[in-house]
Structures are given as C-alpha cells and as structure tokens.
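Protein chains in written order, with the working numbering: chain A, 124 to 309; chain B, 386 to 802. Encoded as structure tokens, the structure appears first; notes follow it.
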C-alpha cells in the first residue's frame, strides 16, 4: 500500500486533489481510497486530505499517520503544522514553492531523504499561468507522477478532465504537464 | 459498473436505482451529499417518477415520508445526529404504523458539546424505536444494503434504517460497483403495500389504541422483527446470488477458527479491525472478529453461535450509555449470558476520534492477557481528565467543562484582544 498525505489550506483544492489522485489510480486498475480530514473546510484554514493506493481492497479507516509521500500545497503551513509527522526517511516530499528547500529553512532537514525523492515546484505560478487561478492541486499531481513514478501522467490528465471538463480541465492538464516537466528537469 | 466515486454519491445512485417515488429530506452534515445527489437526479430527469420535497425541518421530512408511504408510495429520507433526534417522535410513528420507509442515517455524534463528526450515538438514541437497523461496514455494503433495505422494508411493512459512518464512509472516494437498473429491477419488485390511504376506498390509519390492545400491537411489531431474523439472511443470500458479492446478513465472521479472543464491532471500524486481526494472526495470535450488520433485530442466537468458542469477547463500539457503558456490549452480554466468558467494552471513536491500528492492537493484546478492564475508553487522555477534575474540585464556579478542556489543550483563544 502507498499512502499519500496532502496538506494545504481551504480553497486550494486539497480534498479534490486527493480525489483526483484516487481516480488516476483507479484508471490504472488499482484500489484507491481518498478522504478528507473532516470539518475544517474553511477558506484559509489548514486542511489535510489522504489517498491510499493498493493492489487489493483497502479496509483501513485510520488517518494516514505514516505517509509514503507528502504533498505540501502551501509552504506557509511549515511554520504552524507538523506536516512531516510520521514521514520515514524513505518518503517523498513535494512542496509547492518557487523557492528551494534552503530558502524555506529546510536545507538541513531535507538531507535525510533521497535527493531524487524531494522537490520544490512553483505549482501556484503554473496554475496561474495555465488556469488563471491560484489552485495548485492538479499541477502538483503532475509533479507527484514525475517524482514517484507511481502513476502515469496520462492517468492524472484523465482524472483531471473527469473532474473538470472543458477549458478549466484543459488548463489544469497543461499545468500538470508543466509540473511534470519541472520535476523531471530537477 | 466499477466507478471511483464518493460514498454518498454511490448511495444516491443505488437509492435512485430502487425507484423511490417520494424523497423528502432536510440537509444535515454528514448525510447532505446523499440527498443532494438524489435531488440532482430528480431535477435532471435521471430519476423519473419521483417527487422530491423540500421541507423546513427533519420532523417535517419524516412526517411527509409517513404520509407518502401511507398513500402507497415508495419513500426515502435521510438524516443524522440532531436531525434524528428532532424527528424522533415521527421515527416511532413510522414504525408503530408499520410504514416501510427507508432512511439513511449518516452516523454522527450528538451534542452538547456540538460535534459534527462520526460516532454511533444517534443510532443508539433510536435503537428501540421499532426500526430495523442495519450497519454498513464499507461503502460497497452501504450501496448494497440500501437495495436490500427497500425489499426487506416492503416485504415486512416495517421501516429500515441503513446506518453509515458519517465522513468515514459518506465522504470517502473509493472503487465501488454500482449495479445496473436491470439488476435492481430484477431484485426489487414494485411496492405492494399492505395498507393504503385511498380516497376511493377509505380507511383510517393511526387509531388510538387503549390498554385492551396496545400490548398486542407492540407484540406484533416485535414478532415482525423476529421474522426479519429469518428474512435478513435469506435476502442477503438472494442478493449474493443475483449480484455476485456478499452484503448484509445478520453478522459476518472473520477468521474465527480457533480464535480465543473475538472482537465484535459495527460499521466501518471493522475494516481497520480486520487489518489488525491479520497482523496479529501473522504473529501467531488466536484472534478473530464478528461484524454485526443487523443491530435491530438483535440476532441473539447467531451472536451466541459465533462467539460460543471464544475465551473472551471484546466489543468495540462508537457510543456510550452514560452511567452504564457500552450499548452493543450490553446486548452481546445478553446473548452470552449462558456462557462464563468475559465481554469487555471498548468505547472508541467518540465524536470522530480516529481509531488507529496501534491502539486497537495494544487493547486486543491486553485482552488476550486477560488484563483489559470491563469498560475501557480507547486513547482516553487521563491527564486532561484529571486536570479538569482537579479544577472542578478546587472551586464551585469552575466553568463549562468543554470550554475548560479546549482551553487546557490550547485549542481556542483564551481572550480575544
């Protein structure tokens, strides 16, 4: 089982991000379970969502305490929420920031992880450029596909278009592709 | 058809496939997505021949449902938590009148303190109201139980409540198999009511009944639920034959062979418990589980049979009968009264507290060593409890408990500048 925890703020599509990730995994024939941390869905409030992916039925209903991967949609959370809780040294970290880990004050912390498994990308800028709104969730899923290799970018794209048909979907697909390329170039 | 879909939307689709003729509901978290989904299906024409009524309260919602069911329409509603309490008088009326309404309960805690998260307090508040109460272990079972619920309700002319864990199931997006209209039509015949309010053939429903006949009416309600003890497994078998998967039934056993410690629970926590059982089995522990689907009627015989070889029983339940302990455990003890086997209660998940595998395993291991107390509160923070008891002991005007504890935990601003 592969477990992903997404941290962000209300309004950034944190819950939708986990749901789209689960759809992408479903499209590849996997079992996936996406669920939000409930009750705090207010604009700007810290929000957590979860996605489990497995080859067999997922029965577990506890929140993800030991994630395999973290997606941090809002780097301002680093000062207020223990986003790294439970992440083992083998974990993946994807942070939405145009700045690097050193500038975020994580330069030393990040050394315990494999360099190929940690990455900062400016997903909000990509979303603004391609979608016109500062909602980085879809772009970060493109980045997730690149950094983990767990799901294909095509599956992410299909999940995005299923959730957002039309122009918004196309823009998000373009943002996901940009993020995918940015991580691969990293 | 396999879909990656939110539990609530999947339930809405399944309920739609049952061709309800009247849906009347009032929104309340966490059940809202189900009735929103059904509302959208009525509006865009996917669900034909169905009247969707908006009302001003839960009391009105079930009262309308009572009227439409008495007029012979297949009727559905949904609620949760305080909504169920607000309609409770109508809940008793629906069963007392023998009206086959199907209602989803998106299980949620009851205030005060106000809390929108999952536990089973709401269901327990209506446990003796005469409804059949079925608990879904997974979203797939939630989908499948609704289809069975309409057939069960209408065959016996009794209302059925399908209990699904709020948020944990209602808001989870998962891979679910949604049956086809043809499959559901073949399983669920059109509603043939035993009583109909019809102007062309007038009768009255709801007579005042005095001491001379009230006991008999009540006994017949009990008799009907005892009949359901036979029909529920038969319908589950019919369902399995028609749909190719197991769902429903009175209870389901899990790895009970040679199990000395048996864990019994209702609803979605059973999924986590099964994972814990697998982990402990892999390490040589003799442990198994029972997932109780039918809480009312309570299957005393099958529970006794499932637990007869256990050396100890642990009931994990998401409710608390304040001043007593666990409601489910009390029922299980009734089934186990002929055996000299300890039944421990573990109160867990109140107000949405997560139930981690590690906590469950620690508790089951203590039970296996016969070190678990009769009533155990999973992950209770004794420091917080003791500090509040200390505050209350220090002075008379110690203030409201909930606010004191939030302040203690630093969860709210003490003073707004």
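From the three backbone atoms N, C-alpha and C, an ideal C-beta is built for every residue, glycine too.
The beta-bridge partner set that DSSP reports for residue 549/B consists of 491/B.
The residues 485 and 576, in chain order, have a CB closer than 6 Å to that of residue 539/B in the same chain once the five nearest residues on each side in sequence are set aside. Of the candidates 130/A, 288/A and 276/A, the residue whose Cα lies closest to the Cα of residue 304/A is 276/A.
In this structure, the beta-carbon distance from residue 679/B to residue 635/B falls below 8 Å. Beta-carbon to beta-carbon, residue 409/B and residue 450/B are separated by about 5 Å, close enough to satisfy the 8 Å threshold.
Distances from the alpha-carbon of residue 190/A to those of 196/A, 171/A and 211/A put 211/A closest. Shortest Cα-Cα distance from residue 184/A to any of 626/B, 708/B, 745/B and 452/B involves 745/B. Taken through DSSP and simplified to helix, strand or coil, residue 555/B comes out as coil. Sequence-distant Cβ neighbours of residue 150/A in its own chain, meaning closer than 8 Å and more than five residues away, are 278, 281 and 282.
Taking residue 397/B as the centre and dropping the five residues before and after it, the same chain places the C-beta of 419, 422 and 423 closer than 6 Å to its C-beta, in chain order.
Around residue 483/B, the same chain offers 542, 543, 579, 580, 606 and 609 as residues with beta carbons nearer than 8 Å, after the five sequence neighbours per side are excluded. Your pair residue 250/A and residue 259/A checks out as a contact, with CB atoms roughly 5 Å apart and the cut at 8 Å. In this structure, DSSP gives residue 719/B a helical state, which the three-state scheme calls helix.
Less than 8 Å divides the Cβ of residue 129/A from the Cβ of residue 194/A. Around residue 185/A, the beta-carbon contacts reaching into chain B at under 8 Å are 657, 739, 740, 741 and 742.
The DSSP-derived three-state label of residue 464/B is strand.
Cβ atoms of residue 503/B and residue 550/B come within 8 Å of each other, at about 5 Å. For residue 607/B, the enclosing alpha helix (DSSP H) begins and ends at 599 to 628. Between residue 589/B and the set 455/B, 488/B and 617/B, the nearest pair of CA atoms involves 455/B. The beta carbon of residue 582/B sits closer than 6 Å to the beta carbons of 455 and 456 from its chain, once the five residues preceding and following it are set aside; these are given in chain order. Sequence-distant partners of residue 571/B (beyond 5 residues in either direction) whose C-beta falls short of 7 Å from its own C-beta, in its chain, are 627. In the structure shown, the three-state DSSP call for residue 309/A is coil. The C-beta of residue 530/B has 16 or more other C-beta atoms within 10 Å across all chains shown, which makes the residue buried. If the five residues before and after residue 516/B are omitted, its C-beta is found closer than 6 Å to the C-beta atoms of 480, 544 and 546, all from its own chain and listed in chain order. Fully enclosed alpha helix (DSSP H) runs of no fewer than 4 residues occupy 742 to 753 and 767 to 779 of the stretch 720 to 783 of chain B, in order along the chain. Under the three-state reduction of DSSP, residue 444/B is assigned to helix. In the DSSP secondary-structure assignment, residue 177/A is bridged to 154/A. Put simply, of 203/A, 237/A and 245/A the residue whose alpha carbon is nearest the alpha carbon of residue 218/A is 245/A. Residue 532/B carries a helical assignment under DSSP once its states are collapsed to helix, strand and coil. Residue 424/B sits in a helix when the DSSP states are folded into three classes. By the beta-carbon neighbour count (other beta carbons within 10 angstroms, threshold 16), residue 757/B is buried. Between the alpha carbons of residue 448/B and residue 440/B lies a distance of about 10 Å. For residue 277/A, the enclosing alpha helix (DSSP H) has its first and last residue at 276 to 286.
Pairing residue 463/B with residue 227/A, the inter-Cα distance amounts to about 47 Å. When only Cα atoms are considered, residue 709/B and residue 631/B end up about 35 Å apart.
A straight line joining the alpha-carbon of residue 645/B with that of residue 196/A spans about 47 Å.
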